[in-house]
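A short write-up of the structure that comes next.
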Ligand code: PMP
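Numbering (the working numbering), first residue to last: 7 to 440.
What follows is the structure, given as structure tokens:
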């Protein structure tokens, strides 16, 4: 009898005994290809240079509290990220994971307007079917109704607009471009409904991960979103917890949209699972408003800038750079997409295959022409997950009723170190499972 509170106490999970490259091996010796751990393990398992960097940090100093000291690992990682992030996203705040990073971003946005003498800007806007974390503030910011509803009333006033989800949102009589402009304009309508002077920030994922399965926006959508935020003085928070840190083929997903958010949130791939770590970055404008204003960011956590976490994350990012793994993400991402198209493109139950880089999603429907979703009671995504585990593949299926859209999908996020045969293995194992 276990004493651990498992999220699903009735699930009979195998015991992970070890990891080796892209594989997890259970205590019976069975190997699972890890293409589904929520886009975390981008270097696979047991990376030696990351282990060495973390051991060296523990050997010198393992923990310092941020209220007393700074530390070279945290400073080094911040310098690395500031050097890579677009625009003047020059300032980094480190936490222990995605939800904490989102919470920090929400509070930073609120404090920015307090410093500027605009205290009425307290509301947030986000998108339906979005996920920004599980702590109550981050949950309030998300638009995943079945997660929100049990906990209503939530903490933050949030208005929800449509996601840019071409597959279920574009009308037959409009082009991709028109669809993108129309969905982006919902932001302006939501702002006007509450009064722009009451809105603090808009938060969304540049490529939607867990809730929709690797859905990028159509061209022009984010340019229009940026324009609207600028016009009304609203901050734009890009949540790249899942799609960031190289997953889509560029270090930050917003690079491919040619926009600079005011606050950029990251976690998962930042430390690649070697440690709990997350971060948010902000522009000079926001940072200076706080430094020149009250001079104190009213937020913090005990493990802020944890030296071992930061040393490990820096080693992860350096490994990616030294081995040019972003090129591999692009190359193998293309192969994965083509492999999925070849294997499933004509499948009567596959409605859509989409994504960027090694972040690919596949929609499972009752009829690929009408896009009629499967009956949620069939729980097809749950069955695919189980069948894939039997085949020795971890993928990330989601489904059920989300905000009126029924739908099952599978998300694939293999590590950046994969070679050609690994990608073939993922596609053929998924084929057998589906
Ligand atoms: N934002 C996004 C976009 C996410 O995908 C997630 C996790 N799936 C989170 C926030 C929350 O991150 P964490 O689970 O590390 O708290």
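The C-beta atom is built at its ideal place from N, Cα and C for all residues, glycine as well.
Note that the structure is a prediction, hence the values are computed from the model and not measured.
- Using a cutoff of 7 Å, the CB of residue 293 does not count as near the ligand PMP, since none of the ligand's heavy atoms is closer than that.
- When DSSP assignments are scanned along the stretch 268-346, the uninterrupted stretches of beta strand (DSSP E) that are 3 or more residues long and fall wholly within it turn out to be 269-272, 284-289.
- Selection 35, 16, 39, 19 evaluated against residue 27 yields 39 as nearest (Cα-Cα).
- Per DSSP, the continuous alpha helix (DSSP H) segment holding residue 233 begins and ends at 227-238.
- In terms of CA proximity to residue 283, 319 leads the group 144, 266, 319.
- Only residues of its own chain outside the window of five on either side were considered, and among them 203, 204 have a CB closer than 7 Å to the CB of residue 126, listed in chain order.
- By the criterion of at least three beta-carbon pairs nearer than 8 Å, the stretch 210-230 is in contact with the stretch 167-176.
- Around the beta-carbon of residue 19, fewer than 16 other beta-carbon atoms lie within 10 Å, marking it exposed.
- Three or more Cβ pairs closer than 8 Å define a contact, and the stretch 333-342 falls short of that threshold against the stretch 234-242.
- Per DSSP, residue 175 is one residue of the alpha helix (DSSP H) stretching across 172-175.
- For residue 211, the shortest C-beta to heavy atom distance toward the ligand PMP is below 7 Å.
- Within 10 angstroms of the beta-carbon of residue 99 lie 16 or more other beta-carbons, which makes it buried.
- For the pair residue 273 and residue 45, the Cα-to-Cα distance works out to about 10 Å.
- Within the same chain, and ignoring the five residues on either side of residue 194 in sequence, the residues whose Cβ sits closer than 6 Å to its Cβ are 234.
- Residue 389 and residue 370 have their C-alpha atoms spaced approximately 12 Å apart.
- Taking a cut-off of 8 Å for Cβ pairs, the stretch 301-311 and the stretch 111-121 touch, as three or more such pairs fall below it.
- By the neighbour-count criterion, in which a residue is buried when 16 or more other Cβ atoms sit within 10 angstroms of its Cβ, residue 89 is exposed.
- For residue 426, the closest alpha carbon among the candidates 335, 55, 398, 368 is that of 335.
- Inclusion of residue 273 in the 7 Å shell around the ligand PMP follows from its C-beta lying nearer than that to a non-hydrogen atom of the ligand.
- For residue 131, there is no enclosing alpha helix (DSSP H); the enclosing beta strand (DSSP E) covers residues 129-133.
- Residue 420 counts as buried, since no fewer than 16 other beta carbons sit within 10 angstroms of its beta carbon.
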